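Chemist: Mind looking over this structure? Questions follow.
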Amino acid sequence: MLIVYKRNLALRAAPAVRARCLPASSPIEVPFPAPRCYARASFIHGHCAKAKSTDMTTHTIDNIRNFSIVAHIDHGKSTLADRLIQETGTVAARDMSEQILDSMDIERERGITIKAQTVRLDYVAKDGRAYVLNLMDTPGHVDFAYEVSRSLAACEGSLLVVDASQGVEAQTLANVYHALDAGHEIVPVLNKIDLPAAEPERIKQQIEDVIGLDASEAVPISAKTGLNIDLVLEAIVKRLPPPKGDETAPLKALLVDSWYDAYLGVVVLVRVIDGVLRKGTRIRMMGADAHYEVDRIGIFRPKMTDAAELGPGEIGYITAQIKQVADTRVGDTITDDKRPTAEALPGFKPAQPVVFCGLFPVDAADFEDLRAAMGRLRLNDASFSYEMETSAALGFGFRCGFLGLLHLEIIQERLEREFNLDLIATAPSVIYQIGLTDKTTIELHNPADMPDVVKIEEIREPWIKATILTPDDYLGAVLKLCQDRRGAQIDLNYVGKRAMVVYDLPLNEVVFDFYDRLKSISKGYASFDYTLTDYRAGDLVKMSILVNAEPVDALSMLVHRDRAESRGRAMVEKLRELIPQHMFQIPIQAAIGGKIIARETIRALRKDVTAKCYGGDATRKRKLLDKQKAGKKKMRQFGKVDIPQEAFIAALKMDD
Numbered sequence: 012m013l014i015v016y017k018r019n020l021a022l023r024a025a026p027a028v029r030a031r032c033l034p035a036s037s038p039i040e041v042p043f044p045a046p047r048c049y050a051r052a053s054f055i056h057g058h059c060a061k062a063k064s065t066d067m068t069t070h071t072i073d074n075i076r077n078f079s080i081v082a083h084i085d086h087g088k089s090t091l092a093d094r095l096i097q098e099t100g101t102v103a104a105r106d107m108s109e110q111i112l113d114s115m116d117i118e119r120e121r122g123i124t125i126k127a128q129t130v131r132l133d134y135v136a137k138d139g140r141a142y143v144l145n146l147m148d149t150p151g152h153v154d155f156a157y158e159v160s161r162s163l164a165a166c167e168g169s170l171l172v173v174d175a176s177q178g179v180e181a182q183t184l185a186n187v188y189h190a191l192d193a194g195h196e197i198v199p200v201l202n203k204i205d206l207p208a209a210e211p212e213r214i215k216q217q218i219e220d221v222i223g224l225d226a227s228e229a230v231p232i233s234a235k236t237g238l239n240i241d242l243v244l245e246a247i248v249k250r251l252p253p254p255k256g257d258e259t260a261p262l263k264a265l266l267v268d269s270w271y272d273a274y275l276g277v278v279v280l281v282r283v284i285d286g287v288l289r290k291g292t293r294i295r296m297m298g299a300d301a302h303y304e305v306d307r308i309g310i311f312r313p314k315m316t317d318a319a320e321l322g323p324g325e326i327g328y329i330t331a332q333i334k335q336v337a338d339t340r341v342g343d344t345i346t347d348d349k350r351p352t353a354e355a356l357p358g359f360k361p362a363q364p365v366v367f368c369g370l371f372p373v374d375a376a377d378f379e380d381l382r383a384a385m386g387r388l389r390l391n392d393a394s395f396s397y398e399m400e401t402s403a404a405l406g407f408g409f410r411c412g413f414l415g416l417l418h419l420e421i422i423q424e425r426l427e428r429e430f431n432l433d434l435i436a437t438a439p440s441v442i443y444q445i446g447l448t449d450k451t452t453i454e455l456h457n458p459a460d461m462p463d464v465v466k467i468e469e470i471r472e473p474w475i476k477a478t479i480l481t482p483d484d485y486l487g488a489v490l491k492l493c494q495d496r497r498g499a500q501i502d503l504n505y506v507g508k509r510a511m512v513v514y515d516l517p518l519n520e521v522v523f524d525f526y527d528r529l530k531s532i533s534k535g536y537a538s539f540d541y542t543l544t545d546y547r548a549g550d551l552v553k554m555s556i557l558v559n560a561e562p563v564d565a566l567s568m569l570v571h572r573d574r575a576e577s578r579g580r581a582m583v584e585k586l587r588e589l590i591p592q593h594m595f596q597i598p599i600q601a602a603i604g605g606k607i608i609a610r611e612t613i614r615a616l617r618k619d620v621t622a623k624c625y626g627g628d629a630t631r632k633r634k635l636l637d638k639q640k641a642g643k644k645k646m647r648q649f650g651k652v653d654i655p656q657e658a659f660i661a662a663l664k665m666d667d
C-alpha cells in the first residue's frame with residue numbers, strides 16, 4: 012500500500028528543516044502498511060531533526076543572534092520562550108510542556124524563573140536566510156537580578172516584554188536598565204494583547220515616556236495563544252545585531268554559568284568571543300589558573316546535544332572532568348593553554364549579599380552533608396555565599412549571604428529537597444558597620460557577635476533607594492507603610508494612571524516582611540524594586556530574646572531604639588503562640604542589655620495529682636500539690652525548652 016505525503020507532513024519539523032528535507036514540488040511516496048503511518052511520520056521528523064543538527068554547523072557569525080528576554084514578574088517571559096521554541100520546531104509537539112525551560116520543580120510550583128536557561132533555535136527568515144538564535148530566559152524577581160546581569164553579558168540584544176494591560180512595572184525598569192548598561196539593542200514586545208483590558212497604544216506611550224525607548228515598532232503578541240510569534244522572530248533577526256568575533260584569533264570565552272552533574276562532573280556554560288573551542292583542546296581558566304582538557308562540547312535544544320565545536324558568537328557547554336568547584340568561577344575567561352589570549356575579559360562584578368542568615372542541621376551528624384551540599388549549590392548559584400559558624404544553641408552550621416528573603420527561602424528549600432537535609436534557619440539580618448572607639452570599623456553579619464557596647468562609637472546600617480509603582484487608590488497606604496519603616500520620600504510623580512514613589516529606606520526594615528505587606532495593602536497591584544545606596548549612622552540597639560532566662564542567639568537582632576519596645580512585645584507574643592507548653596512555666600522576655608522591655612509567660616501543663624484522693628483530710632491534697640510545685644520549680648531550673656523550627660522565621664513575619 013502506498014501512502015502519499017504532501018509537503019505539509021513535515022510541518023512538525025523546523026522551517027529550516029522543511030526547506031532542506033522536503034522539496035517544494037513533488038510529493039513523497041513512502042511504501043509501508045497503513046497502521047504504521049504515525050511511526051513513519053515520526054521517523055521522517057527524526058531524520059529531519061538529525062539533518063538540522065548536522066547541517067547548521069555551516070552558519071556564519073552574521074547569521075547568529077544572541078538575545079535574552081527581560082520583563083517584570085508574570086509578564087510572560089517563560090511563555091514567550093515556549094512559543095519561540097514551538098514556532099521554530101526545536102522541540103517536537105509531543106515533548107512540549109509549559110515552562111519547558113524552567114527545569115526545577117520549585118520553579119514550576121511557584122510559577123517563577125530562578126535560574127537563567129539557554130536554548131538554541133534554528134530559524135529560516137522570510138527572506139530565505141537561515142539563522143541560529145541563542146535564547147536566554149531570565150528571572151524577573153529583584154532577588155535574582157544577578158542571574159539577569161550574567162545572562163545579559165553573554166548577549167547583544169534583548170526582548171523587553173511588557174504586559175499590555177498592566178504596563179511598565181518596577182522590575183521592568185530595573186531589568187531594561189541592566190540591558191542598556193550591557194549595551195544591548197532593545198526590541199519592545201507587548202504581550203497579552205488578547206485580554207479585554209489590554210491598551211497597546213497607551214502602553215506604547217508609557218514605554219516611551221518612562222523608559223525613553225522608541226515603541227512605535229513594538230511587536231503586539233499573545234504568548235499564550237501564539238499570536239504574532241512569527242513577527243517576534245523576524246524582529247530578532249532584523250533588528251538585533253550579530254555578535255562580533257575573530258575565528259583566527261586565540262581562544263577567548265566567557266564562563267557564564269556552571270553547575271554540578273552527578274555523571275559528568277562540573278558542566279560549564281560558555282560564550283565564545285574569539286577563536287574556536289574544540290573537543291580535545293587543552294584549556295586554561297585564567298582567573299583560577301586551572302588546566303583541563305575538553306572531553307565534551309555541546310549546545311542546548313533545550314536538552315544537552317553534542318556538537319563538534321563552538322565558534323565566535325556561539326553559546327554552549329563544555330565538560331572537562333572538572334572536580335574542583337572553585338576552578339569554575341563565574342565570569343572567568345577560558346583560553347587555549349598552548350596559545351593563550353593576551354588579556355582576560357572583565358568578567359562580572361561579584362554579587363553583594365544584602366541578607367545574612369544562619370543555616371544549621373537539625374541533626375548534628377548531617378553537618379558534613381550540609382557542607383558538601385553548600386559547595387554544589389554555590390557552584391550553581393554564584394550570588395550565594397557562606398562561611399562556617401558555631402552557635403551555643405544550635406551547634407555547627409553556616410552563616411549564609413543572600414540577595415533577599417525570597418533568595419533565602421529558595422536556597423533553604425533547594426537544600427532540603429535536592430539534598431534531603433533538615434535545616435534550622437536563624438533570624439535574617441543585614442550587614443552593619445560598627446565604628447569602634449579605637450577608630451577601626453568592623454562588619455557585623457550576626458547580631459550575636461556584637462562587641463561590648465562600651466567599645467562602640469556608632470553603628471551604621473545599609474540604606475536603599477526603593478522605587479514603588481502603585482495604582483492611585485492605594486497610594487496613601489503605601490506612603491504610610493514607608494513612613495512607618497523610617498523612610499524618607501525622595502520623589503512622587505505619575506506614570507499614566509499610576510503613581511511612582513521613590514523612597515530612602517533602611518534595609519533592615521525591608522528584608523523581613525515589607526514586600527508581603529506592600530502586596531497586601533495594594534491587593535497585589537504595587538510593584539517594588541530597590542538598589543543599595545550607602546551606610547548611615549543610626550540609633551540602633553541589640554535586642555535579645557530570653558526563653559526560660561536563657562538567651563536564644565538565633566533570635567537576637569539589631570533594631571532602632573524607637574521601635575525596640577513594639578518589636579520586642581510583638582516578638583514575645585508571637586513566641587508564646589509558637590512554643591508548645593511544657594510541664595513547667597516558661598517566661599519569654601525581650602531585653603536590651605540588662606533591661607527587660609517585654610515579657611510573656613507560657614503556663615505549665617498541669618497534671619491532676621489529687622485525682623487518686625477520694626475524700627479524707629485536705630492536708631493529703633495539699634501535700635501532693637506542694638510536692639508537685641517543688642518538682643516544677645526544679646524542672647524549670649534544669650529543664651530544656653524545645654523551640655520548634657518554624658518559630659525562628661514565623662516570629663519575624665509580624666503584622667504592624
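Using this note's numbering, the first residue of the sequence shown is number 12, and each one after it goes up by one. Just so you know, even glycine gets a beta-carbon here, dropped at the ideal spot from N, CA and C. What you are looking at is a predicted structure, and each value in this text was computed from that prediction instead of being measured.
What are the start and end residues of the beta strand (DSSP E) that includes LYS606?
Modeler: Locating residue 606 in the sequence shown gives position 595, counting from the first residue. Segment 606-613, the beta strand (DSSP E) holding LYS606.
Chemist: Which one of ILE442, GLN444, GLU424, GLU429 has the shortest CA to CA distance from ILE435?
Modeler: Counted from its first residue, the sequence shown places residue 435 at position 424. Ranking ILE442, GLN444, GLU424, GLU429 by Cα distance to ILE435 puts GLU424 first.
Chemist: I need the DSSP call for THR630, collapsed to helix, strand or coil.
Modeler: Working through the sequence shown from its first residue, we reach residue 630 at position 619. Reduced to three states, the DSSP call for THR630 is helix.
Chemist: Within 10 angstroms of its Cβ, does ALA273 collect 16 or more other Cβ (buried), or is it exposed?
Modeler: As a working mapping, residue 273 is identified with position 262 in the sequence shown. ALA273 comes out exposed.
Chemist: Following a CB-centred definition, is ILE442 positioned closer than 6 Å to any heavy atom of the ligand FMN?
Modeler: Absence of the ligand FMN is noted for the structure shown, with no ligands found whatsoever.
Chemist: Can you list, in chain order, the residues of its chain whose CB lies under 8 Å from that of LEU184, leaving out five sequence neighbours each side?
Modeler: Here residue 184 is taken as the residue at index 173 of the sequence shown, counted from 1. Hits under 8 Å: VAL221, ILE222, THR478, ASP540.
Chemist: Take the Cβ of MET399 as the centre, count every other Cβ of all protein chains shown within 10 Å, and call the residue buried at 16 or more, exposed below.
Modeler: Here the question's residue 399 lines up with position 388 in the sequence shown. That one is exposed.
Chemist: Would you kindly work out how many angstroms separate the C-alpha atoms of SER79 and GLY256, rounded to a whole number?
Modeler: On the sequence shown, position 68 is the one that residue 79 refers to. On the sequence shown, position 245 is the one that residue 256 refers to. Computed Cα separation, rounded: 19 Å.
Chemist: Buried or exposed for ASP392, please, with buried defined as at least 16 other CB atoms from any protein chain shown within 10 angstroms of its CB.
Modeler: Indexing the sequence shown from 1 puts residue 392 at position 381. Per the 10 Å Cβ criterion, buried.
Chemist: Which of the three DSSP states, helix, strand or coil, is assigned to LEU13?
Modeler: Counting from 1 along the sequence shown, the entry for residue 13 is found at position 2. A caution first: LEU13 carries a pLDDT of 36, below 50, which makes its placement in the model unreliable, though a value can still be read off. Looking at LEU13 - three-state DSSP - the assignment turns out to be strand.
Chemist: Nearest-angstrom Cα distance between LYS634 and ASN519?
Modeler: On the sequence shown, residue 634 is found 623 positions in, with the first residue counted as 1. On the sequence shown, residue 519 is found 508 positions in, with the first residue counted as 1. Taking the straight line from one Cα to the other gives about 54 Å.
Chemist: Are the Cβ atoms of THR90 and ALA181 separated by less than 7 Å?
Modeler: Taking the sequence shown and counting its residues from 1, one reaches residue 90 at position 79. Taking the sequence shown and counting its residues from 1, one reaches residue 181 at position 170. Not a contact, by the Cβ cut-off of 7 Å.
Chemist: What runs of the beta strand (DSSP E), each 3 residues or longer, lie entirely inside the region 509-583?
Modeler: With a minimum length of 3 residues, the continuous beta strand (DSSP E) runs that stay inside the region 509-583 are 509-517, 538-549, 551-558, 568-571.
Chemist: Judging by CA-CA distance, which residue of LEU238, ARG213, ASN239, ILE240 is the nearest neighbour of SER669?
Modeler: A query on residue 669 cannot be resolved here, the shown segment of the chain reaching from 12 to 667 and no further.
Chemist: Any idea what DSSP makes of MET399, helix, strand or coil?
Modeler: For this step, residue 399 is matched to residue 388 along the sequence shown. Reduced to three states, the DSSP call for MET399 is strand.
Chemist: If we require 4 or more residues per run, which alpha helix (DSSP H) segments fall completely within the region 240-266?
Modeler: Entirely contained in the region 240-266, the alpha helix (DSSP H) runs reaching 4 residues are, in chain order, 240-250.
Chemist: On the premise that VAL198 lies in contact with ARG250, defined as a C-beta separation below 8 Å, what is that separation, rounded to the nearest angstrom?
Modeler: Position 239 of the sequence shown, counted from the first residue, corresponds to residue 250. Position 187 of the sequence shown, counted from the first residue, corresponds to residue 198. Right, their Cβ atoms sit about 5 Å apart.
Chemist: According to the neighbour-count rule (16 or more other Cβ atoms, all chains shown, within 10 Å of its Cβ), is ILE75 buried or exposed?
Modeler: In the sequence shown, residue 75 corresponds to position 64, counting from 1. So ILE75 ends up on the buried side.
Chemist: Please report the residue range of the alpha helix (DSSP H) in which LEU211 lies.
Modeler: As a first step, residue 211 must be located in the sequence shown, where it is residue number 200. One detail in the question is off: residue 211 reads as Pro in this sequence, not Leu. 211-221 is the extent of the alpha helix (DSSP H) around PRO211.
Chemist: Report the rounded CA-to-CA distance for THR452 versus TYR514, giving the unit in angstroms.
Modeler: Your numbering for residue 452 matches position 441 in the sequence shown. Your numbering for residue 514 matches position 503 in the sequence shown. Their backbone Cα atoms lie some 28 Å apart in a straight line.
Chemist: Using CA coordinates, which residue listed in ASN202, VAL465, PHE371 is at the minimum distance from ASN239?
Modeler: Position 228 of the sequence shown, counting from 1, holds the residue named residue 239. That would be ASN202, whose Cα lies nearest to the Cα of ASN239.
Chemist: Which residue comes first and which comes last in the beta strand (DSSP E) that contains HIS302?
Modeler: Counting from one through the sequence shown, the residue named residue 302 turns up at place 291. Its beta strand (DSSP E) spans residues 301-304.
Chemist: THR149 to ASP85, Cα distance in whole Å?
Modeler: Translated into the one-based positions of the sequence shown, residue 149 becomes position 138. Translated into the one-based positions of the sequence shown, residue 85 becomes position 74. If you take the alpha carbons of THR149 and ASP85, they lie about 12 Å apart.
Chemist: At the level of alpha carbons, what is the spacing between ALA629 and ALA641?
Modeler: Walking along the sequence shown from the start, residue 629 turns up at place 618. Walking along the sequence shown from the start, residue 641 turns up at place 630. The straight-line gap from Cα to Cα measures roughly 19 Å.
Chemist: Answer yes or no: do GLU303 and ILE333 have a C-beta to C-beta separation smaller than 7 Å?
Modeler: Taking the sequence shown and counting its residues from 1, the one referred to as residue 303 is at position 292. Taking the sequence shown and counting its residues from 1, the one referred to as residue 333 is at position 322. Contrary to the premise, residue 303 reads as Tyr rather than Glu in this sequence. Against a cut-off of 7 Å, the Cβ pair of ILE333 and TYR303 comes out as a contact.
Chemist: With DSSP collapsed to three states, give me the class of GLY487.
Modeler: Within the sequence shown, residue 487 is the residue found at index 476, counting from 1. Residue state, collapsed to three classes: helix.
Chemist: Could you check what DSSP says for VAL187 in three-state terms: helix, strand or coil?
Modeler: What you label residue 187 is simply residue 176 of the sequence shown in a count that begins at 1. If DSSP states are grouped into helix, strand and coil, VAL187 belongs with the helices.
Chemist: Starting from GLN600, trace the beta strand (DSSP E) both ways and give me its first and last residue.
Modeler: Walking along the sequence shown from the start, residue 600 turns up at place 589. GLN600 -> beta strand (DSSP E) spans 597-603.
Chemist: Only counting the same chain, and skipping five residues up and downstream in sequence, which positions put a Cβ closer than 7 Å to that of ALA299?
Modeler: On the sequence shown, position 288 is the one that residue 299 refers to. The residues are ALA337, ASP338, ARG340, ASP343.
Chemist: Is it the case that the Cβ atoms of LEU242 and LEU288 are separated by a distance below 7 Å?
Modeler: For the purposes of this step, residue 242 is identified with residue 231 of the sequence shown, where counting begins at 1. For the purposes of this step, residue 288 is identified with residue 277 of the sequence shown, where counting begins at 1. No.
Chemist: Secondary structure at ASP138, three-state DSSP: helix, strand or coil?
Modeler: In the sequence shown, counting from the first residue as 1, residue 138 sits at position 127. Correct three-state label for ASP138: coil.
Chemist: Could you name the residues of the same chain whose beta carbon sits closer than 8 Å to that of LEU206, not counting the 5 residues immediately before and after it, in chain order?
Modeler: By one-based count along the sequence shown, residue 206 stands at place 195. So the list reads ALA175, SER176, once near-sequence residues are dropped.
Chemist: Assuming GLU468 is part of the beta strand (DSSP E), what are its boundary residues?
Modeler: Counting from one through the sequence shown, the residue named residue 468 turns up at place 457. Note, GLU468: beta strand (DSSP E), 467-482.
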